[in-house]
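*Asks:* Numbered according to the numbering used here, the sequence shown spans residues 15 to 153. Glycine included, every Cβ here is placed at the ideal spot set by N, Cα and C. A quick note: this is a predicted structure, and the numbers were derived from the prediction, not measured. Sending over a structure as structure tokens; questions will come in a sec.
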Amino acid sequence: MRMMAGRRESAPSGASAFSHYRAKLIEKRQDLMAAMGLKFDVMAGQGRVAEDDQAQISHEEFISLRLNKLDHDVLKLVNEALDRLDNGDYGACLRCEQPIAPRRLEVLPWAKYCVRCQEKLSSRHCGAEEPDLAAAGAR
Ligand SMILES: [Zn+2]
């Protein structure tokens with residue numbers, strides 16, 4: 015799939031793909047909010063049990079908070095992705111501006127970066143100058 019020029023121009027297939035991703039993102043957002051609400055309910059319920067169980071509670075509370083943090087991070091990414099859908103920037107890597115592979119968006123509709131940039135970003139061991147990612151593309 016070649017989408018080099020004018021990714022803001024509405025490709026015929028683009029619009030329906032975007033609404034597909036939008037639906038996925040909104041669904042994910044609802045899942046996350048439901049999950050977070052559920053955890054808060056559980057935590058609130060735990061507050062009412064006997065004091066003997068305090069140690070156990072704080073452990074579970076700790077886990078809940080950690081999970082909530084992760085959920086919160088994803089929720090933020092989901093919201094940002096929805097913003098990009100509104101702006102017409104969706105589906106392009108925020109770093110190299112190449113289109114993100116549909117395969118990747120299918121799994122991670124809130125992905126900000128293409129696989130290559132994500133790998134670079136998550137494994138920044140060498141401080142060397144990056145090669146031109148666009149030129150290195152296998153087009
Ligand atoms: Zn990229």
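For a test of your reading of the model: does the CB of Tyr127 fall under 7 angstroms from any non-hydrogen atom of ligand 1? Yes or no.
*Replies:* yes
*Asks:* Anyone know if the C-beta pair for Pro123 and Leu39 falls short of 8 angstroms?
*Replies:* yes
*Asks:* Confirm the yes/no value for this check: CB of Arg109, any heavy atom of ligand 3, distance under 7 angstroms.
*Replies:* This structure lacks ligand 3; its bound ligands are ligand 1.
*Asks:* Unbroken alpha helix (DSSP H) runs of length 4 or more, entirely within the stretch 67–112: which are they?
*Replies:* 68–101
*Asks:* Can you say whether Ala48 is buried or exposed, counting buried as having 16 or more other CB atoms within 10 angstroms of its CB?
*Replies:* Exposed, because fewer than 16 other Cβ atoms sit within 10 Å of the Cβ of Ala48.
*Asks:* So, helix, strand or coil for Ile40, using DSSP?
*Replies:* helix
*Asks:* Which one of Lys126, Gln132, Ser72, Leu96 has the shortest CA to CA distance from His34?
*Replies:* Leu96
*Asks:* Can you tell me where the alpha helix (DSSP H) holding Pro116 begins and where it ends?
*Replies:* 116–121
*Asks:* Which value, in whole angstroms, describes the spacing of the CA atoms of Lys42 and Arg130?
*Replies:* 24 angstroms
*Asks:* I'd like to know whether the C-beta atoms of Tyr127 and Leu119 end up nearer to each other than 8 angstroms.
*Replies:* In this structure, Tyr127 lies away from Leu119, with their beta-carbon atoms at least 8 angstroms apart.
*Asks:* Do you know how far the Cα of Ser30 is from the Cα of His73?
*Replies:* 45 angstroms
*Asks:* Would you mind sorting Val121 into buried or exposed? The rule is 16 or more other CB atoms within 10 Å of its CB.
*Replies:* exposed
*Asks:* Quick check on DSSP: helix, strand or coil for Ala125?
*Replies:* coil
*Asks:* From Leu84 to Cys110, what does the alpha carbon distance come to, in whole angstroms?
*Replies:* 26 angstroms
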